[in-house]
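Take a look at the structure below.
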Amino acid sequence: MSKLHKGMSEEAFDNGYFYAAELRQFAKSLGITLGNLKKNELELHVRSRLFGYSGDLPIAIPNKRDRAGRDLLTLKSLVINYIGDKQTKNFLLEQVSRRYGPLPDKSGQWYWLNHWRKMQIANNNKITYGDLVEHLASLRQQEGRLPQIPSACLNNFISDFIADPENKGKGKKQALEIWQNLKEKNSPKTYLAYKQNKNLLDEKIELFIGIKD
């Protein structure tokens, strides 16, 4: 696998796979404030520092903003000490179901809900858990797929793999098996690139077999 260093090319960065601890250490050496940024968010900050990045960079917003315990989970409670665990997610999903009936899960819905929450806090907007419920419902009601999570290679690979009609009947387990092999290679970490390379290899094999016969 490629190693992180200041003189690396953008292609090497895109084709490499970097563990969270390695990425955090490198980001720190570049003077990037780590805060509570997730791995995919750190990747965007590193990309911006090394090659420039035209999009909005994730903001390190602390989930807890005072010394009190976790927020009381009611629709009117202000979002102050947010904990994105199973208890909170189940509360939000239950409230969405009560208001809107059953809505399908969307890949990336929790990422984009957290992104929206952080943006509201960064802009000094007070929001309640009722607001989170409404935004989660709006995400689940969107037609088609949600935008891919920026620089979240694994999640995007799995969602693209499952969405491909050619993989009908296959699921996350099969996608992970392919990913484990792919992440060790110096090649793009997208499902589209994997599929194109696989189709090209299959064509070469068929051509070779045809010549041999």
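With this note's numbering applied, the sequence shown covers 81 to 293.
In this text, a Cβ means the ideal position worked out from N, Cα and C, and glycines have one as well.
For K284, which residues of its own chain have a beta-carbon under 6 Å away from its beta-carbon, when the five flanking residues on both sides are left out? Any reading at K284 is ruled out, since the residue's pLDDT is 47, under 50, leaving its predicted position unreliable.
For F288, which residues in the same chain have their Cβ closer than 6 Å to its Cβ, ignoring the five residues on either side in sequence? Confidence is the limiting factor: at F288 the pLDDT is only 46, short of 50, which leaves the residue's position unreliable and the question unanswerable from this model.
Could you have a look at N204 and say whether DSSP puts it in helix, strand or coil? N204: coil per DSSP, three-state reduction.
Going by alpha carbons, who is nearest to Y191 out of P138, G224 and K252? Taking Y191 as reference, the option from P138, G224 and K252 with the minimal CA-CA separation is P138.
What do you reckon, are the CB atoms on N161 and R150 nearer than 7 Å? Closer than 7 Å, so yes.
For T270, collect the residues of the same chain with a Cβ closer than 6 Å to its Cβ; drop the 5 residues on either side in sequence, then sort them by chain order. So the list is empty, once near-sequence residues are dropped.
Alpha carbon to alpha carbon, how far is L256 from A273? Give it in angstroms, no decimals. Each residue's Cα considered, the two are about 16 Å apart.
Excluding the 5 residues preceding and the 5 following P142 in the sequence, name in chain order all residues of the same chain whose CB lies nearer than 8 Å to its CB. Excluding sequence neighbours, P142 sits near G115 and N116.
For a quick check, are the C-beta atoms of K252 and Y97 less than 7 Å apart? It is not a contact, given that the beta carbons lie outside the stated cut-off.
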